[in-house]
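Comments concern the structure below.
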Amino acid sequence: MLRYALKRLLSLVLSLAVASVVIFAVIEVAPGDPASFMLGVNAQADTLAALRAELGLDVSKIERYFNWVGGMLAGDFGTSYTYRTPVSQMIADRLWVSLPLAIYALTLSTLIAFPAGLYAAARRGKPGDVAVMGATQLGIAVPNFWFAMMLVLVFAINLRWFNAGGFAGWENGLWTGLQSLTLPAIALALPQGAILARVMRSALLDILAEDFMRTARAKGLSRRQALWRHGVRNALIPVLTIIGLQFSFLLAGSIIIEQVFYLPGLGRLVFQAISARDLIVVESVVMLLVFAVIMVNFLVDLAYAAVDPRLRSRT
Amino acid sequence: MSRNLILGAALSSMVVLAALVSFVWTPHDHAALDIPAKLQPPNVQHWFGTDHFGRDMFSMIMVGARTSIAVALVAVGIGMALGVPLGLTAAARKGSWLDEVIMRGNDLVFAFPSLVIAILITAVFGAGAINAIIAIGIFNIPVFARITRGAALSLWEREFILAARVSGKGAARISAEHILPNVANLLIVQGTIQFSLGILAEAGLSYVGLGAQPPTPSWGRMLADAQTMVSFAPHLALIPGFAIIVTVLGLNLLGDGLRDWLDPRIRVARV
């Protein structure tokens with residue numbers, strides 16, 4: 193197990209290193225000098241030089257790359273070109289919206305998917321199964337930002353149960369904060385829940401065909417008991433993988449959903465930074481998103497190996 | 003043939019037909035402004051109503067289908083053109099450093115969801131349909147590489163490949179002549195699914211302004227325009243939304259139907 197964990201850790205570090213080089217290189221290609229962008233066309237040469245030195249732009253590309261990575265490792269993501277505030281501070285503020293949103297959505301999608309998948313698998317081929325599968329097929333086809341707009345139309349504009357957008361802030365209480373995130377989380381959870389329900393169903397159906405399930409039935413367990421005691425537990429492995437993969441889709445999806453609800457999360461930060469050509473912010477946020485995705489997949493892999501020793505020998 | 007296949011093929015070909023017909027005919031000029039006739043709900047003259055500039059929504063949906071299909075189709079093409087050879091190579095050189103490099107590279111690209119790639123590209127080169135295609139296309143490469151490798155690996159164990167090797171064919175020739183034709187069905191099915199994901203991705207990118215730019219009509223941007231008017235003109239949001247749903251649903255049903263029809267045994271990763 194330790195050997196496997198070390199091997200995976202090595203490949204994790206390697207992936208992060210390559211990802212950081214790619215992101216840095218892409219942003220380097222961007223035309224224009226941040227310092228002259230900030231000061232405008234009439235800037236004096238010496239002011240420009242001073243600002244470039246202040247931003248750390250006056251050293252070679254390679255040195256800049258290592259300053260960037262070294263800074264991030266120490267928690268310093270650089271200074272925003274437009275706001276002149278530490279990027280780490282901006283990210284930390286926004287993370288309090290984006291991260292709870294992703295977790296809220298993941299929780300909702302799991303809460304929808306488990307019962308739906310279980311129900312469909314238990315009634316394979318019957319009308320209940322067909323109805324659930326039809327609904328999930330539709331759920332996958334619906335764009336989440338469109339669904340979000342429909343939720344706003346019905347629950348915010350017509351019924352006035354929620355605000356149509358904006359974030360009330362956590363300082364006004366947990367409930368107020370959660371309320372602003374509820375419609376966005378439902379919108380994000382729908383397609384993910386639909387996919388997860390399908391995975392849950394097919395994983396359960398695979399398990400139901402196993403010999404040990406027949407044994408469980410033969411020893412006198414009812415269909416339902418066998419499904420609960422032996423089926424669900426074994427089906428969790430593929431379902432966990434998908435949940436891990438979905439985390440990255442949720443993070444990316446929340447970038448778009450934040451636009452629908454005017455939520456001050458990482459997604460809005462990125463779009464504001466793009467239009468202001470505040471590339472250091474784009475660079476650091478993208479790196480953070482990629483880091484999160486790689487990290488979650490690493491943890492899922494480790495969780496597997498802990499659960500299923502057979503997987504440790506496979507690389 | 004299953005019900006899925008028939009329904010999927012019908013919905014998909016309806017959308018493709020609408021896109022093709024839009025080259026020669028639309029009920030109105032999709033770009034013609036008619037302010038006095040703005041924000042009309044669906045009626046006899048304007049079947050899908052009009053938008054805030056009085057443009058005919060039916061014509062815009064037809065022309066928008068072109069954008070969606072073109073972006074998704076080229077993106078799938080990029081994914082296949084690069085991903086399939088990579089997957090074939092990795093399988094032919096199973097366990098070698100080349101296999102390892104290709105598969106690790108795949109994992110790395112997977113860590114950049116298409117939206118994140120799009121954000122990076124847009125930050126540098128600006129928004130546009132071409133950049134949306136590249137972003138979705140890059141994300142498609144590892145999908146095709148992975149399923150090609152997976153399917154090819156099991157084929158390499160089969161007797162007919164052994165026979166080909168004994169007859170003196172090299173790995174490249176075996177991959178092209180024997181492996182590729184046997185994974186083609188799988189690729190068609192996965193291609194259909196990636197096509198539908200591409201339609202969704204294009205709509206999302208256009209919605210946040212990273213996709214096709216005005217005046218090119220696009221379903222995603224129609225939805226973005228509709229956002230502030232949805233309370234008093236819901237058809238502005240409903241109609242492009244239904245267009246996306248019908249297209250994606252059609253392609254997904256087609257993919258499922260094709261899978262069962264072409265080979266009941268093959269399994270496709272659809273996440």
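Chains as they are written, first to last, in the working numbering: chain A, 193 to 507; chain B, 3 to 273. Each residue gets a CB set at the ideal place from its N, CA and C atoms; glycine is no exception. Since the structure is predicted, the reported quantities are computational estimates derived from the model, not experimental observations.
Practice problem: For the alpha helix (DSSP H) containing Ile486/A, list its first residue and its last residue. | Solution: 471 to 499
Quiz item: Can you name the residues of chain A whose CB is closer than 7 Å to the CB of Ala147/B?
Solution: Within 7 Å Cβ-Cβ: nothing; Ala147/B doesn't reach chain A, min ~16 Å.
Quiz item: Where does Thr374/A sit, in a helix, a strand or coil, going by DSSP?
Solution: Under the three-state reduction of DSSP, Thr374/A is assigned to helix.
Exercise. Using a Cβ cut-off of 7 Å (strictly closer), state whether Ile201/B contacts chain C.
Key: Chain labels in this structure do not include chain C; the protein chains are A and B.
Self-check item: Start and end residues, alpha helix (DSSP H) containing Met275/A
Solution: Met is not the amino acid found at residue 275/A; the sequence shown has Tyr there. First-last for Tyr275/A: undefined, no H or E at that position.
Quiz item: Of all Cβ atoms in chain B, is any one closer than 7 Å to the Cβ of Pro335/A?
Solution: yes
Exercise. Taking Ala222/A and Leu442/A to be in contact with their CB atoms under 8 Å, please state how far apart those CB atoms are, rounded to whole angstroms.
Key: Wrong, their Cβ atoms sit about 28 Å apart, outside the cutoff.
Self-check item: Within chain A, the residues that Pro236/B reaches when beta carbons sit closer than 7 Å
Solution: The answer, in chain order, is Leu345.
Quiz item: Any idea which residues DSSP pairs Asp58/B with across the strands?
Solution: Thr52/B
Quiz item: Would you say Met341/A reaches chain B, if we count a Cβ-Cβ gap shorter than 7 Å as a contact?
Solution: yes
Practice problem: List the residues of chain B whose Cβ lies closer than 9 Å to the Cβ of Asp290/A, in chain order. | Solution: Looking at the sequence itself, residue 290/A is Ser, so the reference to Asp does not match. Result: empty, since nearest Cβ-Cβ is about 13 Å, beyond 9 Å.
Quiz item: Can you name the start and end residues of the alpha helix (DSSP H) that Gly326/A belongs to?
Solution: Taken as a continuous stretch (DSSP letters only), the alpha helix (DSSP H) holding Gly326/A covers 319 to 333.
Quiz item: Using the beta-carbon of each residue, which ones in chain B are nearer than 9 Å to Val499/A?
Solution: Ordered by position in chain B, no residue passes the 9 Å Cβ test against Val499/A, which lies about 20 Å from the chain.
Quiz item: What are the start and end residues of the alpha helix (DSSP H) that includes Trp260/A?
Solution: Unbroken alpha helix (DSSP H) run through Trp260/A: 253 to 265.
Practice problem: Answer with yes or no whether the minimum CB distance from Ala222/A to chain B is below 7 Å. | Solution: yes
Practice problem: Would you kindly work out how many angstroms separate the C-alpha atoms of Phe425/A and Val214/A, rounded to a whole number? | Solution: Residue 425/A is actually Arg in this sequence, not Phe. Each residue's Cα considered, the two are about 40 Å apart.
Quiz item: For Tyr454/A, does the count of other Cβ atoms within 10 angstroms reach 16, so buried, or fall short, so exposed?
Solution: exposed
Quiz item: Helix, strand or coil: which one does DSSP assign to Val17/B?
Solution: helix
Quiz item: Pick from Ile136/B, Gly56/B, Ala74/B, Ile176/B: whose alpha carbon is nearest that of Pro38/B?
Solution: Gly56/B
Quiz item: Can you tell me the Cα-Cα spacing of Gln229/B and Leu345/A, whole angstroms?
Solution: 10 Å
Practice problem: With DSSP as the reference, label Asp268/A as helix, strand or coil. | Solution: coil
Quiz item: Can you round the beta-carbon distance between Ser272/A and Gly459/A to whole angstroms, since I take them to be within the 8 Å contact cut?
Solution: Not confirmed; about 16 Å, so no contact.
Quiz item: Anyone know if the C-beta pair for Ile140/B and Ile119/B falls short of 7 Å?
Solution: yes
Practice problem: Using a Cβ-Cβ cut-off of less than 7 Å, list which residues of the segment 112 to 142 of chain B approach chain A; keep chain order. | Solution: Ala113, Phe114, Pro115, Leu117, Val118, Ile121, Leu122, Thr124, Ala125, Val126
Exercise. Please determine, among Leu198/A, Ile378/A, Leu194/A, Leu481/A, the residue with the shortest C-alpha to C-alpha distance to Leu298/A.
Key: Of the listed residues, the one whose Cα sits closest to Leu298/A is Ile378/A.
Exercise. Give the secondary structure of His32/B by DSSP, where H, G and I count as helix, E and B as strand, and everything else as coil.
Key: coil
Exercise. Leaving aside the five residues before and after Gly445/A along the sequence, list all residues of the same chain whose C-beta is less than 6 Å from its C-beta, in chain order.
Key: Counting only residues of its own chain and dropping the five nearest sequence neighbours on each side, Gly445/A has a CB closer than 6 Å to the CB of Asn336, Leu380.
Practice problem: Let me know if Gln42/B comes out buried or exposed under the rule of 16 or more other beta-carbons within 10 Å of its beta-carbon. | Solution: buried
Exercise. Give a yes or no on whether 7 Å exceeds the smallest Cβ distance from Ile63/B to chain A.
Key: no
Quiz item: If you drop the 5 nearest sequence neighbours on each side, which residues of the same chain put their C-beta closer than 6 Å to that of Ile143/B?
Solution: Gly81, Leu84, Gly85
Quiz item: Name the chain B residues that come within less than 9 Å of Val233/A, Cβ to Cβ?
Solution: None at all; the shortest Cβ gap to chain B is about 20 Å.
Quiz item: With a CB to CB cut of under 7 Å and the five nearest residues on each side skipped, what residues in its chain are close to Asn355/A?
Solution: Counting only Cβ-Cβ distances below 7 Å, and skipping sequence neighbours, we find Ala348, Ser372.
Practice problem: Check each candidate in Met59/B, Ala33/B, Phe112/B, Leu35/B and name the one with the smallest Cα separation from Pro44/B. | Solution: Met59/B
Quiz item: What's the gap between the Cα of Leu388/A and the Cα of Ser467/A?
Solution: 35 Å
Quiz prompt | Burial state of Ala129/B (16 or more Cβ within 10 Å) | solution = buried
Quiz item: Residues in its own chain within less than 6 Å of Asp321/A by CB, not counting five upstream and five downstream?
Solution: Same-chain partners within the cutoff: Ala312, Arg315.
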